[in-house]
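J.: Questions regarding the structure given below will be posed in turn.
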Amino acid sequence: MSLGKFQKQTKYILLAFISIFIFIVTIFLGRSASVYFARASDCPATNVRADNIGPNSAVINWDSDEESQGRVEYGTNTINLTFNAPEASATLRHNVPLTLLTPNTVYYYLIAVGETRCDSTNQKCEEGSCVPYSFTTAAIGETADEAENLPTRAAGGRTNNEETPMPTSNLSLFCKAVQANIGKSSKAAAEWASIKTYDIDGNGIINGLDIIKCQKAGK
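Once you know that position 30 of the sequence shown is 30 in full-length UniProt numbering, the rest is easy, because the numbers rise by one and skip nothing.
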């Protein structure tokens, strides 16, 4: 075999290997992209929000592109959503009332449709890795408009302001006193003088955020 013929065959073989390599890489990247975009769009719930938040109730609303019948999984612990509130029928505009809630308490929730759970990242999630939505119920005497929605992170994560609650079993005596006075406010002037020290953020009302800040301050 002449040198020129050998070089030509080698060139063809090399080009064939390069073509096969490019083909494989293209397929792999295409699959990766499709998986990524599928994950981002697999959540059937959009525009999720908590409305009409009172001391003992709230309404969870969301939209969907197709009619579906979902449920709200909720609770006071990010990794243990112990309650379920199902919808009565399939619809495009969803609203699920939550009742018998505790005043001045942070509640965490996910939207579930069948086996699919949707969290605050607007993606579907698996149990233990979800980042729930949250809201805080109003204090007694507080209007629904004054209740606050809070960003959340799953257990082990943190919010943007780094305020992640610790288990209540780890509360100090001072923080337990804060917990015992939740719901009390400066409106009760006679009593407020003796308990205002438990209003950690100084907003005139003792609520769940004061417990979090008490823990963060190491009181």
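Glycine included, C-beta positions come from ideal geometry on N, C-alpha and C.
How is the beta strand (DSSP E) around Ile111 delimited, first residue to last?
T.: Val106 to Val113
J.: Grab the span of the alpha helix (DSSP H) containing Leu209 for me, first residue to last.
T.: Gly208 to Ala217
J.: Relative to the C-alpha of Gly218, which candidate in Ser57, Gly54, Phe174 and Pro97 has its C-alpha closest?
T.: Selection Ser57, Gly54, Phe174 and Pro97 evaluated against Gly218 yields Phe174 as nearest (Cα-Cα).
J.: So, Cys43 versus Lys176, is the Cβ gap smaller than 8 Å?
T.: no
J.: Whole angstroms is fine: what's the gap from residue 226's alpha carbon to Thr76's?
T.: This structure does not reach residue 226, given that the chain is present from 1 up to 219, and the question cannot be answered.
J.: Checking 8 Å against the spacing of the C-beta atoms, do Cys214 and Ile205 come in under that value?
T.: no
J.: Can you tell me whether Tyr74 is buried or exposed, with buried defined as 16 or more other CB within 10 angstroms of its CB?
T.: buried
J.: Figure out for me which residue from Cys130, Asn80 and Leu92 has the closest Cα to the Cα of Thr46.
T.: Leu92
J.: Verify whether the separation of the beta carbon atoms of Thr99 and Asn61 is less than 8 Å.
T.: No; because the gap between Cβ atoms is not below 8 Å, this pair is not in contact.
J.: Could you give the first and the last residue of the continuous beta strand (DSSP E) run that contains Val101?
T.: A small correction: the amino acid at residue 101 is Leu; Val does not occupy that position in the sequence shown. Where Leu101 is concerned, there is no enclosing beta strand (DSSP E), given that its DSSP letter is neither H nor E.
J.: Buried or exposed for Ser19, please, with buried defined as at least 16 other CB atoms from any protein chain shown within 10 angstroms of its CB.
T.: exposed
J.: Should Asp119 go down as buried or exposed, given a rule of 16 or more other Cβ atoms within 10 Å for buried?
T.: buried
J.: If you check the beta carbons only, do Leu101 and Thr136 fall under 8 Å apart?
T.: No, Cβ-Cβ distance for Leu101 and Thr136 is not below 8 Å.
J.: Rounding to the nearest angstrom, what Cα-Cα distance links Gly70 and Asp210 in this structure?
T.: 34 Å
J.: For my contact list, Ala139 and Pro97 are in at a C-beta cut-off of 8 Å; report their separation, rounded to the angstrom.
T.: With a Cβ gap of about 20 Å, Ala139 and Pro97 do not count as contacting.
J.: Tell me whether Ala193 sits in a helix, a strand or coil according to DSSP, three-state version.
T.: helix
J.: If you follow the alpha helix (DSSP H) that Cys175 is in, where does it begin and where does it stop?
T.: Leu173 to Ala180
J.: Go through its chain and collect everything with a Cβ distance to Asn161's Cβ below 7 Å, but skip five positions before and after it.
T.: Confidence at Asn161 is low in this model, with a pLDDT of 45, below 50, so the placement of that residue is unreliable and no value is reported for it.
J.: Is there at least one Cβ from chain D nearer than 8 Å to Thr46's Cβ?
T.: Absent from the structure is chain D; it holds one protein chain and no more.
J.: Throw me the rounded Cβ distance for the Val72 and Ile24 pair, which I believe falls under 8 Å.
T.: Contact flag wrong, Cβ pair sits at about 45 Å.
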